[in-house]
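Worksheet for the structure shown next.
Number of protein chains: 2
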Amino acid sequence: MASTTRFYEDFSIGDRFHSGGRTVTEAEIITFAHHFDPQAMHLDAQSAAQGPFQGLIASGFHTMGIAWWLFLRLGLVTDSMFVGLGVNELRWLKPVRPGDTLSLDVVVAEKSPPKNGRGAITFAHSLQNQTDLTVMTYQSVNLILQQPR
Amino acid sequence: MASTTRFYEDFSIGDRFHSGGRTVTEAEIITFAHHFDPQAMHLDAQSAAQGPFQGLIASGFHTMGIAWWLFLRLGLVTDSMFVGLGVNELRWLKPVRPGDTLSLDVVVAEKSPPKNGRGAITFAHSLQNQTDLTVMTYQSVNLILQQPR
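Chains A and B, in that order, give the protein sequences. Residue 94 in numbering that gives the first Met the number 0 sits at position 95 of the first sequence, and the numbers go up by one each step. Residue 51 in numbering that gives the first Met the number 0 sits at position 52 of the second sequence, and the numbers go up by one each step.
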């Protein structure tokens, strides 16, 4: 995927990208919950059916992982990612349910001046389901390499 | 763990809690990376050894999942969690490596006025490794149930 990599200089504020989809299975929701978020609403379909969401929903941290995977699959930072610094304003807006297919919109929101061959870029992410409902938003801040000289 | 549950009224600003530990294995780091963060620094020990961290490091989203699991294990919200609203100012400060044992400090940072039997509480989380280095910080915002009447 080297051909799709963009380095620090190649990103401009306002650049927008749209990912492919990823479908969430019940098995994946339950497995993730066992490891990281063992609450009945993510683990136990019968109990979740009685809860406020009337059925099993994905852990928000699972949803975050799926969004990140979709971002990487764009191939934009395959050879230019130095490291992640953090995430701002992560918001879970709608439940994610078994069978949902999620896709990601990403916009380049901010660039800090580069230093030592890399610079911080803030990406604004918005995750949609198959009915175009936005289920989650967040901003990631990543150190992106400058073009090799 | 019902006895350790705290409802909205039971949390006061400044309350502090400290979790037990969880040790991160190389197998878990690689499995998580395959599913959500397939970058060489999280997937491929040989390639990671040549990289900026001189070895395999955990995905920051994996580290986040471990922190959340440690928070839940405190039992504070076992019967009082309504739902998560979001996460603010997540920062990855130091790499997490295979064999590291992580533990969590949590402080009640903010409470919003309750409505409909629940209220938002902001928890400030700080994750340490076995040498007391802070590896990650973030705030979670959660809707917590009021005491049942």
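We put the CB at the ideal spot given by N, CA and C, even for glycine.
Quiz item: Where does residue 1 (chain A) fall in DSSP's three states?
Solution: By one-based count along the first sequence, residue 1 (chain A) stands at place 2. Note that residue 1 (chain A) scores 44 on pLDDT, short of 50, meaning its location in the model is unreliable and no value can be drawn from it.
Exercise. Could you confirm whether any beta carbon from chain B is found closer than 7 Å to the beta carbon of residue 86 (chain A)?
Key: Along the first sequence, read from residue 1 onward, the residue named residue 86 (chain A) stands at position 87. Yes, its Cβ sits closer than 7 Å to a Cβ of chain B.
Practice problem: Within the same chain, show all residues whose beta-carbon is closer than 8 Å to that of residue 110 (chain B), passing over the 5 residues directly before and after it, in chain order. | Solution: Position 111 of the second sequence holds residue 110 (chain B). If we look at residue 110 (chain B) and ignore the five residues flanking it on each side, its Cβ neighbours are 7, 10, 12, 118, 119, 120 and 121.
Self-check item: Contacts around residue 5 (chain B), its chain only, beta-carbon distance under 6 Å, and the 5 residues preceding and following it disregarded
Solution: For the purposes of this step, residue 5 (chain B) is taken as residue 6 along the second sequence, with counting starting at 1. The answer, listed in chain order, is 75.
Practice problem: Could you tell me whether the Cβ atoms of residue 28 (chain B) and residue 40 (chain B) are closer together than 7 Å? | Solution: For the purposes of this step, residue 28 (chain B) is identified with residue 29 of the second sequence, where counting begins at 1. For the purposes of this step, residue 40 (chain B) is identified with residue 41 of the second sequence, where counting begins at 1. No; because the gap between Cβ atoms is not below 7 Å, this pair is not in contact.
Practice problem: Name, please, each residue of chain A whose Cβ falls closer than 7 Å to the Cβ of residue 83 (chain B). | Solution: Taking the first residue of the second sequence as 1, we reach residue 83 (chain B) at position 84. What residue 83 (chain B) touches in chain A: 59 and 91.
Quiz prompt | Coarse secondary structure for residue 10 (chain B), derived from DSSP in three states | solution = Along the second sequence, one-based indexing puts residue 10 (chain B) at 11. Looking at residue 10 (chain B) - three-state DSSP - the assignment turns out to be coil, as it is neither helix nor strand.
Quiz item: Which same chain residues, not among the five before or five after residue 83 (chain B), have their C-beta less than 7 Å away from its C-beta?
Solution: Residue mapping note: residue 83 (chain B) aligns to position 84 of the second sequence, counting from 1. Closer than 7 Å at Cβ, skipping near neighbours: 139 and 141.
Quiz item: In the DSSP assignment, what residue or residues form a beta bridge with residue 102 (chain A)?
Solution: Residue mapping note: residue 102 (chain A) aligns to position 103 of the first sequence, counting from 1. Beta-bridge pairing by DSSP links residue 102 (chain A) to A:20 and A:127.
Exercise. Flag residue 9 (chain A) as yes if its beta-carbon sits less than 7 Å from any beta-carbon of chain B, otherwise no.
Key: Position 10 of the first sequence holds residue 9 (chain A). So, not an interface residue.
Quiz item: Does residue 35 (chain A) have its Cβ less than 7 Å from a Cβ in chain B?
Solution: If you number the first sequence from 1, residue 35 (chain A) lands on position 36. At least one chain B Cβ lies under 7 Å of residue 35 (chain A).
Self-check item: Contacts that residue 118 (chain B) makes with chain A (C-beta to C-beta distance below 7 Å)
Solution: What you label residue 118 (chain B) is simply residue 119 of the second sequence in a count that begins at 1. What residue 118 (chain B) touches in chain A: nothing, since even the nearest Cβ is about 15 Å away.
Quiz item: Is residue 13 (chain B) close to chain A, meaning its C-beta is less than 7 Å from at least one C-beta of that chain?
Solution: For this step, residue 13 (chain B) is matched to residue 14 along the second sequence. No, residue 13 (chain B) lies away from the interface with chain A (no Cβ there is under 7 Å from its Cβ).
Quiz item: Based on the DSSP secondary-structure assignment, which residues constitute the bridge partners of residue 138 (chain B)?
Solution: Position 139 of the second sequence, counted from the first residue, corresponds to residue 138 (chain B). For residue 138 (chain B), which the question treats as bridged, DSSP gives the partners B:87 and B:123.
Practice problem: Rank B:124, B:116, B:98 and B:89 by C-alpha distance to the C-alpha of residue 51 (chain A) and give the top, closest one. | Solution: By 1-based counting over the first sequence, the position of residue 51 (chain A) is 52. When only C-alpha atoms are compared, the closest one is B:116.
Practice problem: Check whether the Cβ atoms of residue 126 (chain A) and residue 101 (chain A) sit closer than 7 Å, and answer yes or no. | Solution: Taking the first residue of the first sequence as position 1, residue 126 (chain A) is located at position 127. Taking the first residue of the first sequence as position 1, residue 101 (chain A) is located at position 102. The answer is yes: Cβ separation under 7 Å.
Quiz item: Relative to the alpha-carbon of residue 38 (chain B), which residue among A:94, A:131, A:90 and A:69 has its alpha-carbon at the smallest distance?
Solution: For the purposes of this step, residue 38 (chain B) is taken as the residue at position 39 of the second sequence. Of the candidates A:94, A:131, A:90 and A:69, A:69 places its Cα closest to the Cα of residue 38 (chain B).
Quiz item: Taking 7 Å as the CB-CB cut-off, is residue 98 (chain B) touching chain A?
Solution: Numbered from 1 along the second sequence, position 99 holds the residue referred to as residue 98 (chain B). So, not an interface residue.
Quiz item: Alpha carbon to alpha carbon, what distance is there between residue 36 (chain A) and residue 46 (chain A)?
Solution: As a first step, residue 46 (chain A) is located in the first sequence; it is residue number 47 there, counting from the start. As a first step, residue 36 (chain A) is located in the first sequence; it is residue number 37 there, counting from the start. Answer to the nearest angstrom: the Cα atoms are 15 Å apart.
Practice problem: Ignore the nearest five residues each way along the sequence and tell me which others in residue 85 (chain A)'s own chain have a CB closer than 6 Å to its CB. | Solution: Numbered from its first residue, the first sequence carries residue 85 (chain A) at position 86. Excluding sequence neighbours, residue 85 (chain A) sits near 140.
Practice problem: Tell me whether residue 143 (chain B) sits in a helix, a strand or coil according to DSSP, three-state version. | Solution: As a first step, residue 143 (chain B) is located in the second sequence; it is residue number 144 there, counting from the start. Reduced to three states, the DSSP call for residue 143 (chain B) is strand.
Quiz prompt | Under 8 Å from the C-beta of residue 29 (chain B): neighbouring residues of chain A | solution = For the purposes of this step, residue 29 (chain B) is identified with residue 30 of the second sequence, where counting begins at 1. Near residue 29 (chain B) there are no residues of chain A at all, since even the closest Cβ is about 14 Å away, more than 8 Å.
Exercise. With a threshold of 16 other CB atoms inside 10 Å of the CB of residue 62 (chain B), please say whether the residue is buried or exposed.
Key: For the purposes of this step, residue 62 (chain B) is taken as residue 63 along the second sequence, with counting starting at 1. Flag for residue 62 (chain B) reads buried.
Practice problem: Kindly indicate which three-state DSSP category residue 81 (chain A) falls into: helix, strand or coil? | Solution: Within the first sequence, residue 81 (chain A) is the residue found at index 82, counting from 1. It is a strand residue.
Quiz item: Out of curiosity, what's the CA-to-CA distance linking residue 92 (chain A) and residue 146 (chain B)?
Solution: Locating residue 92 (chain A) in the first sequence gives position 93, counting from the first residue. Locating residue 146 (chain B) in the second sequence gives position 147, counting from the first residue. The straight-line gap from Cα to Cα measures roughly 25 Å.
Exercise. Can you tell me which of the three DSSP states residue 32 (chain A) falls into?
Key: Translated into the one-based positions of the first sequence, residue 32 (chain A) becomes position 33. Here residue 32 (chain A) sits in helix by DSSP.
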